[in-house]
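Okay, so the sequence shown: first residue is 1 according to this note's numbering, each after it adds one.
Glycine residues also receive a C-beta, built at the ideal position from the N, C-alpha and C atoms.
See structure below.
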Amino acid sequence: MTGLLHIDSSILAEGSVSRLLTAELVARFGREIPGLAITYRDVAASTPPILSSAHFFARASGAEPDDPQLRADLALGRELLDEFLAADIVVIGAPMYNFSVPTQLRAWIDHLVVPGRTFAYTPSGIQGLVSGKRIIVVSTRGNVYAGDVPRAPFDHQEAYLRTAFGNIGVSDLAFVRAEGVGLGEAQKGKAIEAARRDISALRAA
Ligand SMILES: Cc1cc2nc3c(=O)[nH]c(=O)nc-3n(C[C@H](O)[C@H](O)[C@H](O)COP(=O)(O)O)c2cc1C
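As structure tokens, this is what we get:
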């Protein structure tokens with residue numbers, strides 16, 4: 001059975017372009033992949049714990065701390081990582097906020113980058129340990145950053161996601177993009193239609 005993890009991170013509950021498009025993408029895969037098991041996590045509605053010093057060191061030591069809040073945060077962090085590792089396909093709604101990703105999405109990723117589980121330190125550098133996983137990012141942005149445009153160097157959103165997931169070994173990473181959605185209703189409509197065409201062109205399995 002194929003497992004799909006669907007992540008949304010837009011702070012907009014209504015009118016979010018990334019939520020609209022991830023829902024359409026996941027619905028299409030649900031129709032086309034027999035028995036697809038879908039897990040949904042809204043990291044904006046329920047923000048993963050921000051990685052603190054106490055959490056980081058407790059996670060590294062493996063010891064169970066006395067503090068009940070920290071124990072709960074560690075358990076949730078393990079759950080987020082197990083859920084990510086168990087999924088064959090991960091669909092991520094990732095708006096650009098202040099040239100990067102929403103804080104909530106970054107908080108989720110901080111629970112995935114764990115030595116010994118998703119990457120290892122080796123004498124020749126960091127080695128990613130994640131294999132056989134397909135990630136599709138639905139990237140939405142108010143302005144235009146793709147291609148040979150003056151704003152291209154300001155893209156720390158897709159560039160960050162490419163680096164962060166590449167670092168843990170993910171090689172099958174695709175972007176569905178709706179950009180320029182802040183440049184008026186006509187451009188927004190065109191951007192959504194272009195993203196829908198890209199969603200239709202994705203292989204389901
Ligand atoms: C807090 C915030 C910060 C934003 N920062 C940027 C930005 O730096 N660059 C940009 O092009 N658009 C920016 N935008 C516009 C969003 O990327 C755009 O509206 C996108 O559609 C958001 O996805 P969503 O509709 O799923 O929330 C920002 C929007 C918000 C709410």
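Distance check for residue j and residue i, CA to CA, integer angstroms please.
i	j	result
residue 97	residue 19	15 Å
residue 141	residue 178	7 Å
residue 91	residue 9	11 Å
residue 60	residue 50	16 Å
residue 47	residue 150	33 Å
residue 114	residue 55	12 Å
residue 191	residue 72	41 Å
residue 186	residue 81	40 Å
residue 167	residue 126	7 Å
residue 87	residue 38	9 Å
residue 42	residue 124	37 Å
residue 76	residue 195	33 Å
residue 31	residue 204	9 Å
residue 45	residue 105	11 Å
residue 208	residue 93	Residue coverage of the chain in this structure runs from 1 to 205, which leaves residue 208 outside it and unanswerable.
Could you say which of the options lies nearest to residue i if we only look at CA atoms?
i	options	result
residue 40	116, 154, 5, 60	5
residue 165	129, 155, 198, 144	129
residue 198	139, 42, 181, 158	139
residue 15	79, 188, 116	188
residue 182	32, 120, 145	145
residue 79	152, 117, 17, 154	117
residue 193	3, 157, 147, 25	25
residue 52	36, 33, 74, 66	74
Are there any heavy atoms of ligand 1 lying less than 7 Å away from the beta-carbon of residue i, as far as the coordinates show?
i	result
residue 11	yes
residue 96	yes
residue 106	no
residue 167	no
residue 134	no
residue 16	yes
residue 181	yes
residue 140	yes
residue 19	yes
So, do the stretch 125-141 and the stretch 166-175 have three or more beta carbon pairs nearer to each other than 8 Å? Per the Cβ contact rule, the stretch 125-141 is in contact with the stretch 166-175 (3 or more Cβ pairs under 8 Å).
Runs of alpha helix (DSSP H) wholly within the stretch 59-125 (minimum 4 residues, chain order): For the alpha helix (DSSP H) assignment, the uninterrupted runs of no fewer than 4 residues enclosed by the stretch 59-125 are, from N- to C-terminal side, 68-86, 103-110.
Give the list of continuous alpha helix (DSSP H) stretches no shorter than 4 residues that lie fully inside the stretch 17-44. Every alpha helix (DSSP H) of 4 residues or more that sits fully in the stretch 17-44 is shown, in chain order, as 17-32.
Whole runs of the alpha helix (DSSP H) within the stretch 127-182, excluding any shorter than 4 residues: Those alpha helix (DSSP H) runs which fall completely within the stretch 127-182 and span 4+ residues are 158-167.
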